[in-house]
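These notes are about the structure you will find just below.
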Amino acid sequence: IDSEDDLLQECISSAMPKKK
Amino acid sequence: PTPPYLKWAESLHSLLDDQDGIHLFRTFLKQEDCADVLDFWFACSGFRKQDTGEGNEEKKLKLAKAIYKKYILDSNGIVSRQIKPATKSFIKDCVMKLHIDPAMFDQAQTEIQAVMEENTYPLFLKSDIYLEYT
Chain V
1021 IDSEDDLLQE CISSAMPKKK
Chain H
19 PTPPYLKWAE SLHSLLDDQD GIHLFRTFLK QEDCADVLDF WFACSGFRKQ
69 DTGEGNEEKK LKLAKAIYKK YILDSNGIVS RQIKPATKSF IKDCVMKLHI
119 DPAMFDQAQT EIQAVMEENT YPLFLKSDIY LEYT
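Note that the protein sequences, when read in sequence, are chains V and H.
Last residue of the first sequence: number 1040 in the numbering used here, and the count goes up by one each step with no gaps.
Last residue of the second sequence: number 152 in the numbering used here, and the count goes up by one each step with no gaps.
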């Protein structure tokens, strides 16, 4: 089970641009 | 071609569209003790992009609660202080009534973005961190 912090981190990372 | 760091000075969006730019901006915000503002902005974008597939509802609810708890619930937090009370009650209502919508953080994100555009972004462009980098 994901902890809330992991979930939040995953969400933040998913919104970041990928390396060009 | 224009070097990336010159593009960063064109608009907040050009800065937030570049990994190195985000990294440097975050380092600056951390110094100013307000990195949460940037994390919140990305959390809102990430939340909107969450998979809309069935069976994901529980995860979205958990995530909405986590964002609410970390950035909005504490009224002394750097993010919470810069969001309008009406916007905060709207989000609180959504979470309490389990009414989870991909756009529920949009207004809060817009408000936080305006704060960055008027305040931290221009300061960043004048900061030692940015000038040394360039």
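Quick reminder that beta carbons are idealized off the backbone N, C-alpha and C, glycines included.
Keep in mind that this is a model prediction, so the values were computed, not measured.
(request) Find out if the Cβ-Cβ distance for the pair H:T105, H:A126 is shorter than 7 Å. (result) The residue given as residue 105 of chain H occupies position 87 in the second sequence. The residue given as residue 126 of chain H occupies position 108 in the second sequence. Pairing H:T105 with H:A126 gives a Cβ-Cβ distance under 7 Å.
(request) Sort H:T128, H:K80, H:I147 by Cα distance to H:L56 and report the nearest one. (result) As a working note, residue 56 of chain H is residue 38 in the second sequence. H:L56 has its Cα closest to that of H:T128, out of H:T128, H:K80, H:I147.
(request) Could you check the C-alpha separation between H:D143 and H:G39 for me, to the nearest Å? (result) Counting from 1 along the second sequence, the entry for residue 143 of chain H is found at position 125. Counting from 1 along the second sequence, the entry for residue 39 of chain H is found at position 21. Correcting the residue type first, residue 143 of chain H is Leu in the shown sequence and not Asp. Rounded to whole angstroms, H:L143 to H:G39 spans 11 Å at the Cα level.
(message) Below 8 Å on the Cβ atoms is my contact criterion, and I expect H:A84 with V:E1024 to pass it. Report the Cβ-Cβ distance as a whole number of Å.
(response) Taking the first residue of the second sequence as 1, we reach residue 84 of chain H at position 66. Taking the first residue of the first sequence as 1, we reach residue 1024 of chain V at position 4. For H:A84 against V:E1024, the beta-carbon gap comes to about 4 Å, under 8 Å, which counts as contact.
(message) Here's the rule I'm using: 16 or more other beta-carbon atoms within 10 Å means buried, otherwise exposed. How should H:L47 be labelled?
(response) Your numbering for residue 47 of chain H matches position 29 in the second sequence. So H:L47 ends up on the buried side.
(request) With DSSP collapsed to three states, give me the class of V:S1034. (result) For this step, residue 1034 of chain V is matched to residue 14 along the first sequence. The answer is helix: DSSP assigns V:S1034 an H, G or I state.
(message) Once DSSP output is grouped into helix, strand and coil, what is the label at H:F123?
(response) For the purposes of this step, residue 123 of chain H is identified with residue 105 of the second sequence, where counting begins at 1. Three-state DSSP puts H:F123 in coil, outside helix and strand.
(request) Kindly indicate which residue of H:H31, H:P21, H:L24 has the alpha-carbon position closest to the one of H:A132. (result) Translated into positions along the second sequence, residue 132 of chain H becomes position 114. Ranking the options by Cα distance to H:A132, first place goes to H:H31.
(request) Identify which residue in H:W26, H:Q68, H:F43, H:K80 has its Cα closest to the Cα of H:L116. (result) Translated into positions along the second sequence, residue 116 of chain H becomes position 98. Here the closest residue by C-alpha is H:K80.
(request) Report the option in H:D54, H:D36, H:Q49 whose CA atom is closest to the CA atom of H:Y89. (result) Within the second sequence, residue 89 of chain H is the residue found at index 71, counting from 1. Checking every option, the nearest Cα to that of H:Y89 belongs to H:D54.
(request) Name the two residues that bound the continuous alpha helix (DSSP H) containing H:E150. (result) Position 132 of the second sequence, counted from the start, is the residue given in the question as residue 150 of chain H. Where H:E150 is concerned, the enclosing alpha helix (DSSP H) starts and stops at 146 to 151.
(request) Specify the secondary structure class of H:W26 as computed by DSSP and reduced to three states. (result) Counting from 1 along the second sequence, the entry for residue 26 of chain H is found at position 8. In the displayed model, H:W26 falls within coil according to three-state DSSP, outside both helix and strand.
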